[in-house]
Amino acid sequence: MRGNAMAILPVGSLEQHGPHLPVITDTASAEAAA
1 MRGNAMAILP VGSLEQHGPH LPVITDTASA EAAA
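UniProt numbering puts the first residue of the sequence shown at 1, with every later residue one more than the last.
Shown next as structure tokens:
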């Protein structure tokens, strides 16, 4: 491998934001930003 390689690992917290949102909300936001 030549040069520097970079990997983006989307990581989000896992918490409940109430009954109107799924538990995966933070992880999905982090993945969308990556």
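All residues carry an ideal CB built from backbone N, CA and C; glycine is no exception.
{"query": "Give me the Cα-Cα distance between Ser-29 and Pro-22, rounded to the nearest whole angstrom.", "result": "12 Å"}
{"query": "How far does the alpha helix (DSSP H) with Ala-30 in it reach, from first residue to last?", "result": "25 to 33"}
{"query": "Within its chain, find whatever has a CB closer than 6 Å to the CB of Ile-8; leave out the 5 residues flanking it on each side and keep chain order.", "result": "Ala-34"}
{"query": "What's the gap between the Cα of Gly-3 and the Cα of Ala-32?", "result": "27 Å"}
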